[in-house]
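Following: one structure in structure tokens, then a few remarks.
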Amino acid sequence: MILVADSGSSKTDWLLTISDQETRSFLTAGLNPYFLTEKEIARVIIDQAPEMVALAAEISEIYFFGAGCSSPDRHEIVSNALSTHFSKAYISVDSDLLGCAYATCGNEKGICCVMGTGSNISFFDGEDIYDGQHGLGFVLGDEGSGTWFGKKLITDFLYGNMPHDISQKFDKAYHLNKEVVIKNVYQKPNANTYLASFSKFVSEIKVTEYGHSMLVDGLVEFIETNIKSYPEYHKYKCHFVGSIAYSFSEELVSLCHLHGVKTGKIIKQPINDLMAFILKRNEMATEE
6 MILVADSGSS KTDWLLTISD QETRSFLTAG LNPYFLTEKE IARVIIDQAP
56 EMVALAAEIS EIYFFGAGCS SPDRHEIVSN ALSTHFSKAY ISVDSDLLGC
106 AYATCGNEKG ICCVMGTGSN ISFFDGEDIY DGQHGLGFVL GDEGSGTWFG
156 KKLITDFLYG NMPHDISQKF DKAYHLNKEV VIKNVYQKPN ANTYLASFSK
206 FVSEIKVTEY GHSMLVDGLV EFIETNIKSY PEYHKYKCHF VGSIAYSFSE
256 ELVSLCHLHG VKTGKIIKQP INDLMAFILK RNEMATEE
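Under my numbering, the first residue of the sequence shown carries the number 6, and numbering increases by one thereafter.
Below is the structure:
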């Protein structure tokens, strides 16, 4: 059995091959090693996916692609946590950007963008990804992400910069005040996930002038800050993965076209495409 994981800051999608024709999926919280320790990651897995852990003896390979897994020390945190439950399996840990590249580009060159809870970008040469100057996290970066929209909504609401009717609707939905926000952002863990939880409100108001303007501003900021930082961006297809890119794909494609960006795949969850790539790659390696 082969187990593949795609982990963001909010959730982790797991897909397990039972046979050539059968797979099983599992869902846990996000397992970002910047926010969780080795023991915490191991605990989340056993608490939230005990049925998956029960199959550990039959799982021979694990391919984990996750947010925060961009350096060897972070790889080790996740790998050690997985080894706690899957001691007999070969374990590979890589960044979510590489998983994004495999799921969208396959073996072709392209630009890969993640636009979900957070945002990031890389260039894929058909084999490896090349990190740019991005991926600064929700405090300094994450342009056009769920956290970006969440921060904008909350600050506009608290500062009184929302149109009155939208402010009333937002207040009815979330019952926020300054104390609640400060506690969740500065005193509790996973502030990025908390902020991103408000981004679904953009879907409800995007037909309004205020909502449409906010949506355009966020998507354009991602394009200008991230995609256009690559001098030859116009030569390659730009692929997108994540809930924000998928939910607002129509607006994203339109704005990319306006800015001379060629769009490729836009998928919400890369796990199925990622599994297909891994299986095909393993098959080709076996034939060689």
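Yeah, the Cβ is synthetic: ideal placement off N, Cα and C, and Gly gets one too.
Note that this is a predicted model, so its numbers are computed, not measured.
Following the DSSP letters along the chain, one finds Phe-245 inside the beta strand (DSSP E) bounded by residues 242 to 246. Going by C-alpha positions, Ser-84 is about 15 Å away from Gly-35. From the listed residues Met-120, Thr-109, Leu-87, the smallest Cα separation to Asn-231 is found for Met-120. Contact between Asp-11 and Gln-274 holds: CB atoms are separated by about 7 Å, below the 8 Å threshold. Per DSSP, the continuous beta strand (DSSP E) segment holding Leu-32 begins and ends at 28 to 34.
Here Thr-198 is near Ser-14, since their CB atoms are less than 7 Å apart. Secondary structure of Thr-268 (DSSP, three-state): strand. Counting the other CB atoms within 10 Å of its CB gives Tyr-238 a total of 16 or more, which places it among the buried residues.
Within a 10 Å sphere around the beta-carbon of Ala-106 sit 16 or more other beta-carbons, which makes this residue buried. In this structure, Phe-91 sits near Ile-64, with a CB-CB distance shorter than 7 Å. Within the model, the alpha-carbon separation for Val-207 versus Lys-93 is close to 45 Å.
It is roughly 14 Å from the alpha-carbon of Glu-45 to the alpha-carbon of Ala-54. With contact defined as three or more Cβ pairs closer than 8 Å, the segment 98 to 116 and the segment 279 to 291 are in contact.
Shown here, Lys-93 sits in coil according to DSSP, grouped into three states, outside any helix or strand. Put simply, of Asp-130, Pro-194, Asp-99 the residue whose alpha carbon is nearest the alpha carbon of Asn-112 is Asp-130. In this structure Ala-201 touches Ser-150 by the C-beta definition: roughly 7 Å separates them, less than 8 Å. For Phe-40 against Asn-182, the beta-carbon gap comes to about 26 Å, at or over 8 Å, which does not count as contact. For the 7 Å CB-CB criterion, Asp-161 and Met-167 form a contact. For Phe-203, there is no enclosing beta strand (DSSP E), as DSSP gives it neither H nor E. Ser-248 and Ala-62 have their C-alpha atoms some 34 Å from each other.
Under the DSSP assignment, Phe-128 falls in the beta strand (DSSP E) whose first and last residues are 124 to 129.
Residue Ser-252 holds the alpha-carbon nearest to the alpha-carbon of Leu-224 among Pro-77, Phe-203, Ser-252, Glu-81.
Contact between Lys-240 and Thr-268 is ruled out by a C-beta separation of about 14 Å, above the 8 Å threshold.
According to the DSSP assignment, Gly-115 belongs to the beta strand (DSSP E) that extends over 115 to 120. Buried is the label assigned to Gly-104, since at least 16 other Cβ atoms lie within 10 Å of its Cβ. The continuous beta strand (DSSP E) containing Thr-22 extends over residues 16 to 22.
With respect to the 7 Å criterion, Ile-7 and Glu-66 are classified as neighbours on the basis of their beta carbons.
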